[in-house]
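Encoded as C-alpha cells, the structure appears first; notes follow it.
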Amino acid sequence: MPHEDILDIDTIYIDGRFVTPHGTELFDLHNPATGAVTGRVRLADEEDARAAIAAAKRAFPAFSRTDKAGRIAMLQRMADAVAERRGDLLDAIIDEYGAPVSRAAFMADHPVNVLREAADLLADYPFVRRMGTAEVSMEPLGVAGLITPWNSDAGFICGKLATAIAAGCTAVIKPSEMSARQTRIVTEALHAAGLAPGLFNIVTGRGDRVGAAISSHADVAKISFTGSTATGKAILRAAVDTLKRVTLELGGKSPTVILDDADLSRAIPLAVSAAFMNSGQACIAGTRLLAPRSRLAEIESLAKAAVETVRAGDPRDPETTVGPMVSRTQWERVQRYIRIGMEEGAVLLAGGEGRPEGQSVGGWFVRPTLFTAVRNDMTIAREEIFGPVLSIIPYGDEEEAVAIANDTIYGLQAYVLSGDTARARRVADRIVAGRVLINSLAHDPKAPFGGFKQSGIGREYGSFGLDAFLEPKTLLGEGV
Ligand code: NAD
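Be aware that the sequence shown starts at 926, since it is given in the working numbering, and climbs by one per residue.
Shown next as C-alpha cells:
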C-alpha cells in the first residue's frame, strides 16, 4: 500500500482539545481482511492518563450540578453528532474491525441508539426518593474511568459515556488500541457536539499502561470495564486501594439448550446465529449447544448443514456473516482451540483449522467450525474461544441439561429453545445467567445486562446501569 494511504492518528482528546500525547509509541492498525497495515496510532501513556483524569476532575463540580433537562439535551446532541458520521463509522467498522456489512450496519447505529436510550432513561429516573422519614438523593460518583474492548468500539464508548453523562459523572475513556480509527471518528463526532471541556476525555493507549493508570488513580471514583475476565480481575485488584466502584462486563461460555420438543427447523438456525453472531467475537455467543441424546443424530445433521452454509470471508460481501478475526493473535487463538478440540477427542462435523476455501492468505479468515461429542469438561467447552466455534454437548434428561448449562465459571447469557414455552420458562428459571433468551435472540436496552459468577460484577443499561454511576445519600432530620 502506498505511504499516503496510511492513516496517521497522532492526537488524543483531553480537556476539549485534540492534543499530541506525551506517549511516543507507535502502534500499527490493520485491515483484518487483508492483513495489510492501514494506519498508525501514537499511543498515550501514564502521563496522558493523569492529564485526562485531572481535566475530568476539574470539570466534575460544575457538571455534577447540571440538571436533567440540560443533560438530556447534551445526550441528544451527542446522538445527532454521532449519527452525522454514520457513513465514516460504517467504513471503519468494516475496514478496521472486519465486521461483515450486515452486522456493521447495526454496529454503526448502535452508538446513536444507546445515547438516545440514555436520554429517555434520564427523563424518567427518580434522583430524589422518599424512604421512611428520609430523603434519599442519588449523587454522581465523580470521575469515571471507562475501559472498552475492540469488538464493538463505538457502541461501548458511547454506551458507557452516555450513562456517565446521564448520572452527572465526567469521564476518561480508554478504548482498545486496535480500534483507533473508529475511536477517532467517534471522538470527532462527540467533540462536534460541543460539550464543556474536560467532561469527557479519550486516551487510546495500552491496557497495562493507560488502563492500569486509570484503574489505580485516586481521583477516579468509578470504573466501568468491558473485556476479558483476566483483565477484569487485574482491574478489580488495582481498584481496591482506593475502593473504587467497579462494574465489570466480562466473558461468557453461554449454553444454548435445545429441549427435546423443539422445532428444529427454527431452533437450529437460531442456535447457529447465536454462536456465530459478530463473527463469533461476542461475549454473549451461545457456544455450547446442549442437545438431547434422543434427537442427537437429527441435530448433528441439521447443524452441520447449517454451519456449512455460513458464508465466511469478505466483509463487504452482503452474504457474509462471519468476517475475518480482528487480529493475527485472535486468528491464532481460534486455530489453537480447534486443535485442542481435536486433541481432546471432540468430533469435527464442519470447518476446522486453516482458512475457508478461496480466501486470501493475508486475511485473518477462519472456518465456521462445529464439533460434536464434546464433553463439558473439555477445554473447548470451558474456555471462551471468541471465534466461530460451536460445540454440541449431548445430554440425557432436562435435569442433566440444566446441570451442564450451569457447570461453568461464567453466567452471562443463555438460550432455551423449545416447542413448549411454559417448559422452556421452567428451564430458563433454573439457569444461572444474567440474561436468558427463550426461542429468541432479542435484546431490550431497558433491561439490565451483565453476568453472574465470573462473567462480571454489576449491570449496565436501564436504571440498574444508571444506579451504578450514582451513590445514595440520605438526609434526615429537620427540614427534610
Ligand atoms: P481485554 O480484556 O484484553 O481488553 C479490554 C480493554 O482492557 C482494552 O482496552 C485493553 O487495552 C484494556 N486492558 C488490558 N489490560 C489492562 C489492565 N491491566 N488494566 C486496565 N485495562 C487493561 O479484552 P479484549 O481482547 O479487548 O476483548 C475481548 C474480551 O472482552 C472477551 O473476553 C469478551 O468476552 C469480553 N467482552 C465482554 C463483553 C460483556 O459485555 N460482557 C462484551 C464484549 C466483550
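Don't be surprised by glycine CBs; every beta carbon is placed ideally from N, CA and C.
Put residue i into one of helix, strand or coil per three-state DSSP.
{"i": "Glu1060", "result": "strand"}
{"i": "Leu1401", "result": "coil"}
{"i": "Gly964", "result": "strand"}
{"i": "Asn1203", "result": "helix"}
{"i": "Thr1245", "result": "coil"}
{"i": "Ile934", "result": "strand"}
{"i": "Leu1189", "result": "helix"}
{"i": "Leu1391", "result": "helix"}
{"i": "Ala1298", "result": "coil"}
{"i": "Arg1360", "result": "strand"}
{"i": "Lys1099", "result": "strand"}
{"i": "Arg1213", "result": "strand"}
{"i": "Lys1147", "result": "strand"}
{"i": "Gly1277", "result": "strand"}
{"i": "Glu1323", "result": "helix"}
{"i": "Gly1157", "result": "helix"}
{"i": "Asn1126", "result": "strand"}
{"i": "Glu1385", "result": "strand"}
{"i": "Ile1070", "result": "Reading off the sequence, residue 1070 comes out as Gly, not Ile. Of the three classes helix, strand and coil, the one that applies to Gly1070 here is strand, per DSSP."}
{"i": "Gln1338", "result": "strand"}
{"i": "Phe1374", "result": "strand"}
{"i": "Phe1052", "result": "coil"}
{"i": "His1035", "result": "helix"}
{"i": "Ile1018", "result": "helix"}
{"i": "Leu1120", "result": "coil"}
{"i": "Glu1233", "result": "helix"}
What residues in its chain sit with their C-beta under 7 Å from that of residue i, if we drop five residues either side in the sequence?
{"i": "Gly1481", "result": "The chain is shown only over 926 to 1405; residue 1481 falls outside these bounds and no answer can be derived."}
{"i": "Leu1395", "result": "Met1063, Glu1064, Pro1065, Leu1066, Ala1092"}
{"i": "Ile1265", "result": "Thr1304, Ile1305"}
{"i": "Gln1284", "result": "Gly1238, Phe1290"}
{"i": "Leu1189", "result": "Glu1223, Ile1224, Leu1227"}
{"i": "Val1026", "result": "Ile1019, Pro1240, Arg1241, Pro1243"}
{"i": "Phe1052", "result": "Ser1062, Met1063"}
{"i": "Leu945", "result": "According to the sequence as given, residue 945 is Thr; it is not Leu. The residues are Asp935, Thr936."}
{"i": "Ala1117", "result": "Ala1006"}
{"i": "Thr1234", "result": "none"}
{"i": "Phe1377", "result": "Gly1336, Val1357, Ala1358, Gly1359"}
Can you name, in chain order, every residue of its own chain whose Cβ lies under 6 Å from the Cβ of residue i, other than the five neighbours on each side?
{"i": "Pro1074", "result": "Ser1101, Thr1151, Gly1152"}
{"i": "Glu1278", "result": "Gln1260, Ile1263"}
{"i": "Pro927", "result": "At Pro927 the pLDDT is 43, less than 50, meaning the model places this residue with poor confidence and gives no usable figure here."}
{"i": "Lys1371", "result": "Gly1387"}
{"i": "Ala1216", "result": "Ile1183, Ile1224, Ile1317, Pro1319"}
{"i": "Leu1410", "result": "The requested residue 1410 does not occur in the structure, where the chain is confined to residues 926 to 1405."}
{"i": "Glu929", "result": "For Glu929, the predicted model reports a pLDDT of 49, less than 50, meaning its position is unreliable; a value from the coordinates is still stated below. Once the five neighbours on either side are set aside, Glu929 has no close Cβ partner at all."}
{"i": "Arg1355", "result": "Val1327"}
{"i": "Ala1349", "result": "Val1341, Ser1343, Ile1363"}
{"i": "Val1039", "result": "Cys1083, Gly1084, Ala1087"}
By alpha-carbon positions, which one of the options ends up nearest to residue i?
{"i": "Val1061", "options": "Leu1189, Gly1390, Thr1399", "result": "Thr1399"}
{"i": "Leu1168", "options": "Asp970, Ser1141, Glu1324", "result": "Ser1141"}
{"i": "Leu968", "options": "Val962, Gly960, Val1299, Phe952", "result": "Phe952"}
{"i": "Phe943", "options": "Glu971, Pro1397, Ile1127, Asp933", "result": "Ile1127"}
{"i": "Ala1230", "options": "Val1247, Ile1193, Ser1252", "result": "Ile1193"}
{"i": "Ser1343", "options": "Thr1172, Glu1308, Ala1196, Gln1255", "result": "Ala1196"}
{"i": "Ala1200", "options": "Val1165, Ser1219, Pro1293, Ala1163", "result": "Pro1293"}
{"i": "Asp1049", "options": "Phe1125, Pro1397, Leu1391", "result": "Leu1391"}
{"i": "Ala1187", "options": "Val1165, Leu1274, Glu1323, Ala1117", "result": "Glu1323"}
{"i": "Ala1089", "options": "Leu1274, Phe1377, Phe988", "result": "Phe988"}
{"i": "Ser1219", "options": "Asp1185, Ser1204, Val1251", "result": "Asp1185"}
{"i": "Arg1280", "options": "Ala958, Leu1214, Tyr938", "result": "Ala958"}
{"i": "Asp1034", "options": "Ala1017, Arg1054, Thr949, Arg1011", "result": "Arg1011"}
Leaving out five residues on either side along the sequence, give the residues of the same chain with a beta carbon under 8 Å from the beta carbon of residue i.
{"i": "Val1068", "result": "Ile978, Ala981, Lys982, Phe985, Cys1094, Thr1095, Ala1096, Val1097, Asp1144, Val1145, Ala1146, Lys1147"}
{"i": "Met1202", "result": "Arg1028, Ile1209, Ala1210, Leu1366"}
{"i": "Gly1119", "result": "Arg1002"}
{"i": "Arg1191", "result": "Leu1342, Asn1364"}
{"i": "Gly1136", "result": "Ile1072, Lys1099, Gly1130, Thr1156, Ile1160"}
{"i": "Gln1255", "result": "Gln1206, Trp1289, Phe1311, Gly1312"}
{"i": "Pro1082", "result": "Pro is not the amino acid found at residue 1082; the sequence shown has Ile there. Correct list, in chain order: Pro1036, Leu1071, Thr1073, Ile1098, Pro1100, Thr1108, Val1111, Ile1127."}
{"i": "Ala1030", "result": "Leu1015"}
{"i": "His947", "result": "Ala969, Asp970, Glu972, Asp973, Ala976"}
{"i": "Glu1009", "result": "Ala1114, Ala1117"}
Kindly give me the distance between the Cβ atoms of residue i and residue j, rounded to whole angstroms, as I take these residues to be in contact under 8 Å.
{"i": "Val1182", "j": "Ala1326", "result": "5 Å"}
{"i": "Ala1271", "j": "Phe1296", "result": "4 Å"}
{"i": "Leu1047", "j": "Lys993", "result": "6 Å"}
{"i": "Arg1134", "j": "Glu971", "result": "6 Å"}
{"i": "Leu932", "j": "Gly964", "result": "4 Å"}
{"i": "Lys1178", "j": "Thr1212", "result": "6 Å"}
{"i": "Gly1023", "j": "Gly1248", "result": "4 Å"}
{"i": "Arg1253", "j": "Thr1246", "result": "No, Arg1253 and Thr1246 are not in contact; Cβ-Cβ is about 22 Å, not under 8 Å."}
Can residue i be considered in contact with ligand 2, in the sense that its beta carbon sits closer than 8 Å to one or more heavy atoms?
{"i": "Phe1394", "result": "This structure lacks ligand 2; its bound ligands are ligand 1."}
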